[in-house]
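Colleague: Residue 0 is where the sequence shown starts when you use numbering that gives the first Met the number 0, and the numbers rise one by one after that.
Built from N, CA and C at the ideal position, the CB exists for glycine as well.
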Amino acid sequence: MKKITNVFLQHSCSYTREGIKSILAELNSISSINVVAEQKQLSHDLSWLKPEQDIDVFILELQSTGNNASERLSFIMNILPSLSPKVKVVIMTQLNNQGTLKDSLLQFNNVYAVLEQPRTLQQMRQCLTKILTLPNNVQPDTVQSSPIVM
Numbered sequence: 000m001k002k003i004t005n006v007f008l009q010h011s012c013s014y015t016r017e018g019i020k021s022i023l024a025e026l027n028s029i030s031s032i033n034v035v036a037e038q039k040q041l042s043h044d045l046s047w048l049k050p051e052q053d054i055d056v057f058i059l060e061l062q063s064t065g066n067n068a069s070e071r072l073s074f075i076m077n078i079l080p081s082l083s084p085k086v087k088v089v090i091m092t093q094l095n096n097q098g099t100l101k102d103s104l105l106q107f108n109n110v111y112a113v114l115e116q117p118r119t120l121q122q123m124r125q126c127l128t129k130i131l132t133l134p135n136n137v138q139p140d141t142v143q144s145s146p147i148v149m
């Protein structure tokens with residue numbers, strides 16, 4: 000019996016969300032994937048995020064504009080781990096964040112990948128395949144010398 004993987008998807012671009020959902024549909028042979036929620040923007044009202052959902056993979060966009068970066072980082076560091084302690088976070092950025100920002104994001108215990116856009120669907124597929132095949136008890140720093148970086 001395949002493991003059920005609950006995925007939350009947040010990205011401002013509907014085409015990107017559709018592309019990610021098509022990849023997740025392809026990966027159903029690895030795990031039964033259930034997209035529990037999909038949002039264009041991450042709402043300040045967190046009533047949609049319930050502990051009983053038990054989210055396994057949280058894919059979210061870190062936008063390069065706006066004032067929400069600190070709120071999102073606080074969400075990733077503080078709120079999300081308390082509601083879904085074993086969640087594997089994939090952060091998608093709009094900038095080429097080589098260096099300090101990417102390194103800082105990868106220091107969070109629940110961040111498994113930082114993907115810079117534009118990325119091809121094949122690169123996203125490879126990243127999600129790696130994440131979906133990891134056991135729940137594997138921490139990012141034990142996967143390799145560093146988390147999955149693409």
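Do the stretch 29-37 and the stretch 6-13 meet, that is, are 3 or more Cβ pairs less than 8 Å apart?
Modeller: yes
Colleague: Roughly how many angstroms lie between the CA atoms of E115 and T92, to the nearest whole one?
Modeller: Residue mapping note: residue 115 aligns to position 116 of the sequence shown, counting from 1. Residue mapping note: residue 92 aligns to position 93 of the sequence shown, counting from 1. Roughly 5 Å separates the two Cα atoms.
Colleague: Between the Cα of V88 and the Cα atoms of L100, L104, E25 and Y111, which residue gives the shortest distance?
Modeller: Numbered from 1 along the sequence shown, position 89 holds the residue referred to as residue 88. Comparing Cα positions, the closest option is Y111.
Colleague: What's the gap between the Cα of V56 and the Cα of I29?
Modeller: Translated into positions along the sequence shown, residue 56 becomes position 57. Translated into positions along the sequence shown, residue 29 becomes position 30. Between V56 and I29, the C-alpha separation is close to 14 Å.
Colleague: Which first and last residues belong to the beta strand (DSSP E) in which T132 is found?
Modeller: Sequence index remark: in the sequence shown, residue 132 carries index 133 (1-based). Element bounds for T132: n/a, residue is neither H nor E.
Colleague: Let me confirm a value: S145 is counted as buried when at least 16 other C-beta atoms fall within 10 Å, else exposed. Which label applies?
Modeller: The residue given as residue 145 occupies position 146 in the sequence shown. Any reading at S145 needs caution, since the residue's pLDDT is 38, under 50, leaving its predicted position unreliable; the model's value is listed next. Classified as exposed, S145 has fewer than 16 neighbouring CB atoms from the shown chains inside 10 Å of its CB.
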